[in-house]
Structure formats: C-alpha cells, structure tokens
C-alpha cells in the first residue's frame, strides 16, 4: 500500500495538487474524497450545501444572489430557498438513499465524515488559504449523507426543474406573472438552453477506433466546457481500493464518484444532450377555484403544501401546488398565454425528479471491465440525466456513442394526439419539448414494458452507435455523430434530426474526419495529434466566411473601417493569446448574428451536405457593413485597440496575476472555448470555458492518459494561491501525463502524502 498504515486512508497529491485517494473499503475511500475536496474547496462546498438545504436567505439575505453561475442559475436567494425546499425535501432524500447499492451508501457516508473531519481540523488551526474567509462563518457547518443526496438531486434536475427556479418558486394561483418586455433571455432562447443560462455550456468529445490507429486500439478526447467556479465546477481525483476499484477523472464538487474519466479498462466522456428532459401539461382550471383542474371530465384538487423559509428575523411562507403531472409553473412573465391565470395553468414534469439511478450508474461505470460491460450498465440503468456518452476500452477497436438515459416517453404520434391550441403555439418556440393536454389522463407520458422508470423511453428505443472509425459530438443531436452513418427515425423529444449543425459541430466533425483519415500508425501517434488539435483555437466562422464578408465591405473602406479591414485580413483566424484580430472578429460576428440566417448565406442548409451548408456568406448585404461599423464602435467605446491581442481581454485572474487564455465563443465556431458572451472577452471565472480535458489510450500497462484541469483544484487559485500552477499549465498547453500506476505516483516529483488514520 505504498507505506499506508493499516486502517488508514492515504491521500497522495501529485503535480498540480491532484489527490490520489487509496483505502481498503468504500467508507474509508469516501472519507479520503470528502477530506480532499474540503481541503481544496471548503468555502464553495459549504455554500453549496446551504443552497441545496434552502437556507441562503437566512445567511446571505433574501434579495442577494449567488456570486457564481451554476446549473440552477443565479436567482434571488429567497426564490432559490423556496425552490430547493419544495423540490428536494426529506422525502426525496429518503428515496434517493433507498435506491443506492450498499457500497455507494457507505462511500457517501464516508464523504460526509471526511468533510467534517477537515472542517474540525481547520477550525483548530491557524487560518490559511481560501479557508480563512469562511472557516468560522455560521453557514459553514458539519454535514451528513443527506447533504450529499440533496447535492446529487440538484444535479439530476439541471435540465428540468432548475430551468424554472423563479417560475416555480413564485407560482401563485390566479395571479399570473405579467409579461415583461425586459425579461431576458426570451422564452425561445431560454428553452434553447439545455443546462445553465449561457449558450455553449456543454462539451466536445471525439473517439477514434482501430480503423484510425492502424488497428492499435482506440483514443478518446473528453473536453467539457463548463463552469470555472461555483458549486458545479469539476474536481479531479484518482480513487483506489486495491482489487476492487482504480478510477481517475472528474466529478462535480460534492460528488464522491468519477463522472468523466477512465479506469484500467475503459474511458468515457459526456456532452450535454439535445434530448428534452421535461414536459409541460396544459391545464383547464375550475373558474371558481384556480387550484382545481379538470381531468377526464372531473375536477381534481391540486396538492397544496406550505413551504417555510427562515430569515434572520422571522420567516416567509408560500404554498406550492402540485398536480398529478407535476408542480404548477408560471411562465406568464414570458408570455401571457403560459401564465397561471383564471381558467388556465401549466404543470411541468421533470423526468429526472424520479430518477435516483444517476450516480449508481457512475458508480458501476467506475468499476467497468470492458466496453461491453460499460454498454450493458448504460442500457440496464438508463439513468443519465441530460448527457450524451462516448466510450472506448482496452484491447477493443470499437468506439461507442449513445444518448441513452432518462427521456420522456413521448412519441410523435402521442404528441399530435394530445396537442392543444396552446401546444401548437408553444411548438413555434420549441418543437421538441412535449406540451400535452392535461385534461386527459391518457395524455400523460405512457409507460413501456421495457423501460426502467415509468413514463420514460426504453433503452432500446434511444440512439446509439458502435463504429470502428470515429464518433464525435459537440452538443449536437443524436442525428450526426458520424457523417457516414446518420441516425434517424427517433421522436422529436430526442432533439431532432436533419437540422443545421452549429459551427462548432461542423468544425469538430472536420477535425475528426481529418484525424481519422490521417494515416496514424498507432494510438500513441493519433493521441499526440488529438492533443494538438484539441487546443488549436480555430475560428471556424472566419475560416468559412471571412473572405466573403470582407470582399464587399472592405473593397473601398475609409477611416476606422479601413483599419478594421487591415486587422481582420492579417488575422490568422485563430484565438491564441497573442493573436490580434480575434476580439474584433468576435464582436463583428455577434453583430452579424442579428441578421436572419436565411438572409446571411447564399446557399441554405441541406441535410444532404451538413458540413458544407449553409455556405457563401452574403457579403454584399449592406447590413454587413453596418455590423462591422458597429463592431468598431463597440471596441472604440471600450477603449480597446482594433488590433488588441487576446491576452489582455480573455484571461483568468489569479490574485494580482492574470493568466492569459485562448479560444473563443461557441457561436463563432470555436472548438476551444473561453467565453464570456456578455462582454465578448473578460475574466472567464464567472462564465464558462474549457475545464477538464483528457486524451486517453490504452497501452500494455493500462491507460495512458494526458489531462488538464484549466481552473485548478483549489478555490484559492482564484486568489493567486495554490492551484495557479494548473491554470498556467493549461495556458502553456502543457498536457500532464497522468500518474495512474503506483510507481508513477510514487516517483512524481511533487508527490506528498497525508495519512488519515481512523
């Protein structure tokens, strides 16, 4: 056990502070994970547990908001408290615990014990690092396993209930929210976001099989674009129980299993899926009582439940109403037709509110022994809440893609049979989310004999693909994960097919095709090429359209526009830290986004040429010149030179230091993401960017993995403390050869060990 005392937990730290936790049993392993995460992120975790418990208003004030983005957004504390107290109550916690295998229960209980042990330690020591700001705050408390189950449930509902925190928390009978022109984003834009509040949240994943490596196994790239701070950021770790478990990768803070990663036999990654994870039901209400709704010709009373939120002085209570379909949601602030008004309301059903299999799926995957084993677990559990999956395995030349998880069992026939006039109106905003007649019980989501969970699609009805060349997903739908084998014939709720790809998806497929057909003689050679291309910040919008757009507007430019034309023509169409022109192009492209797509291109999208259409930008449109002039004016207004290098405006703060980054926004077709869309370039801590990256192949000794964790492990990295080295590694594009084997861990120059003796 590498010097580990009997009955002890070893937490060994290697380069960039990555913890390798080793124990003899599941509970003790959890102790090590909880202790390690608390050591690096105590303040963030403590605030998260307060959030999921519904006590933010008490500690931080009812009108304040979280300081970081998260899957649940940044609503006011009072609304967040009501939301979590209503949807993640003690009944939900008990149900979650009841469906976990005993070993996972022990792991979770150990995590709470390890977290509490660290908290007691720091309160007995002199304050240091990030912990000094919170260790004695009243909101930093010891936790129990129930806090971890609440944290897990919060991850469950990220693509469902959490999309409507305010609309659920403030729903009140007969007093619909008033439509507001100032509500942003629009309902259409809100519905277009699967998770979080910003476009581009998601990931890239590429997997290459034996046909791309000369028969030398497979290679996987995992590349999430996620939050750099806050409760949902990633934490990298390596977990070992000799003879039972040996897995490495990342998880959300507060989660004790690996969610994206690799073990000795398999490697996998995820992207946010286009499948819908919730549905709406159109209710007809009793004119005399807005809490009664008609089903099959009879009036049914809504279940009413009072929820109380404590404040520093007194408390506030609200009544929450639930129907047989789900809780009432008030979308009236977005459109009066969708508010809780006299005679009408909407109910929302989150398919993952009854899915307590999510983290046991990851728990089983952490121990998978082959690709077939991995696939069998995914089909058996059908548990993934809102992600696509790609996987490879040792000694196997196949690559796997699937969007198999929890999806409402709503066929297109069922949708049409249960449509209402409001459903048809809603479909103009979002044609994939089910919007069904709530006056008929037959319009609830049907249950299928082969489904794991009532009202969900069976695994055999969801898309998957096994290939020998490549699979790729950049948050597109299931339709095109290999250009040679489109997947068709699935219901609209799965996300759609034969629809335009994002520019990032088009670039990702072009990269995958080039890599797969590049003649790599081995998985090692291909892995090197993948690592290079994964951090090559190409702006596909510029590669495809810059020449057409500049041809007319820059034919006879004058003044500042002439300077802009010079900058853009000299710009190499990439967003490395020193590149001049990337900022101007990003601003120009955002201005062009206001033009209708049908008027932006001369050749429209064709499903028969998805990587090549739309094409031929309509540079002769006078509005293109207007957009460039507006971009120039925007940068001038900020005092930024038109040829300002990226490094001064896209960066990560590390205390007084700035770590320059590279990449751009999803909308401009960057595969490499570093985006704060509201400003077009700034400190990305409050936004999203590349986070964890892994390129994995399998050699004779097992996994050969190269990783990066762009934001580092500890929250103190944000203050220029420990963890800044990982940010700088990412900025240098200096991939870390992950020390997975015992001998590699022990000889790591940065290795240090902490024994947690019972």
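Numbering (the working numbering), first residue to last: 1 to 758.
No residue lacks a Cβ here, since even glycine has one placed at the ideal position from N, Cα and C.
As the structure is a prediction and not an experimental result, all values here were calculated from the model.
Problem - Complete alpha helix (DSSP H) runs within the region 543-598 (minimum length 4 residues, chain order) - result: Scanning the region 543-598 for uninterrupted alpha helix (DSSP H) segments of 4 residues or longer gives 559-570, 582-592, listed from N- to C-terminal end.
Problem - Per DSSP, cross-strand counterpart(s) of residue 337 - result: Answer is none; residue 337 lacks a bridge partner.
Handout entry: 6 Å CB neighbourhood of residue 702 in its chain, flanking five on each side removed
Key = A distance below 6 Å between beta-carbons, with the five flanking residues on each side excluded, links residue 702 to the following residues of its chain, in chain order: 264.
Exercise for the section: Output the boundary residues of the beta strand (DSSP E) element that contains residue 291. Expected result: 289-295
Exercise for the section: Can you tell me which of 545, 582, 641, 566 puts its alpha carbon nearest to the alpha carbon of residue 615? Expected result: 545
Handout entry: Identity of the residue in 626, 630, 724, 692 nearest residue 657 by Cα
Key = 724
Problem - Which listed residue (516, 547, 229) has its alpha carbon closest to that of residue 533 - result: 516
Handout entry: Three-state secondary structure (DSSP) of residue 605
Key = coil
Practice task
Tell me whether residue 443 sits in a helix, a strand or coil according to DSSP, three-state version.
Solution key: helix
Exercise for the section: Assign residue 369 to buried or exposed, taking buried as 16 or more other Cβ atoms, counted over all protein chains shown, within 10 Å of its Cβ. Expected result: exposed
Exercise for the section: State the DSSP-derived secondary structure class of residue 154, mapped to helix, strand or coil. Expected result: helix
Problem - N-terminal and C-terminal residue of the alpha helix (DSSP H) that residue 346 is part of - result: Taken as a continuous stretch (DSSP letters only), residue 346 belongs to no alpha helix (DSSP H), being part of the beta strand (DSSP E) at 344-350.
Problem - 6 Å Cβ shell around residue 350 - same chain, five flanking residues per side excluded - result: 157, 160, 161, 278
Handout entry: Short CB-CB distance (under 8 Å) between residue 337 and chain B
Key = Judged by its chain identifiers, the structure shown contains no chain B, having just a single protein chain.
Practice task
With distances taken Cα to Cα, identify the nearest neighbour of residue 559 among 481, 542, 628, 585.
Solution key: 628
Practice task
Identify whether residue 20 lies in helix, strand or coil by the three-state DSSP scheme.
Solution key: strand
Practice task
State the beta-bridge partners of residue 66 as determined by DSSP.
Solution key: BP columns for residue 66 are empty, so no partner.
Practice task
Would you decide whether residue 749 is buried or exposed? Buried here means 16 or more other CB atoms lie within 10 Å of its CB.
Solution key: exposed
Problem - residue 436 versus 30, 421, 450, residue with shortest Cα-Cα distance - result: 421
Handout entry: Chain-order list of residues whose beta-carbon lies under 6 Å from that of residue 500 (same chain, five-residue window excluded)
Key = 605
Exercise for the section: Just confirm the distance between the C-beta atoms of residue 320 and residue 347, as a whole number of angstroms; I'd bet it's less than 8 Å. Expected result: Taking the Cβ atoms as the reference, residue 320 lies roughly 12 Å from residue 347, outside the contact range of under 8 Å.
Problem - Short Cβ contact (8 Å threshold) for residue 760 with residue 576 - result: Lying before the first or after the last residue shown, residue 760 is absent from the chain, which here runs from 1 to 758.
Problem - Inter-residue Cα distance where the pair is residue 329 and residue 86 - result: Computed Cα separation, rounded: 13 Å.
Practice task
Taking 8 Å as the cut-off, decide whether the C-beta atoms of residue 552 and residue 626 are in contact.
Solution key: no
Practice task
With DSSP collapsed to three states, give me the class of residue 652.
Solution key: strand
Exercise for the section: Can you tell me which of the three DSSP states residue 9 falls into? Expected result: strand
Problem - residue 498 Cβ short of 7 Å to the ligand COA heavy atom set - result: For the structure depicted, the ligand COA is absent and the ligand set is empty, with no information on it obtainable.
Handout entry: Pair within 8 Å by beta-carbon distance, residue 668 and residue 503
Key = Contact flag set, yes.
Problem - Contacts around residue 19, its chain only, beta-carbon distance under 6 Å, and the 5 residues preceding and following it disregarded - result: 11, 13, 36, 237
Problem - Among 378, 222, 388, 424, nearest to residue 460 - alpha-carbon criterion - result: 378
Handout entry: With 16 other Cβ atoms within 10 Å as the buried cut-off, status of residue 136
Key = exposed
Problem - Identity of the residue in 216, 583, 455, 373 nearest residue 649 by Cα - result: 583
Problem - Pairwise C-alpha distance: residue 222 and residue 692 - result: 8 Å
Handout entry: Within 8 Å, strictly: CB atoms of residue 434 and residue 406
Key = no
Problem - Own chain, CB closer than 6 Å to residue 299, minus 5 neighbours either side, in chain order - result: 286, 292
Handout entry: Residue of 741, 598, 57 minimising C-alpha distance to residue 312
Key = 57
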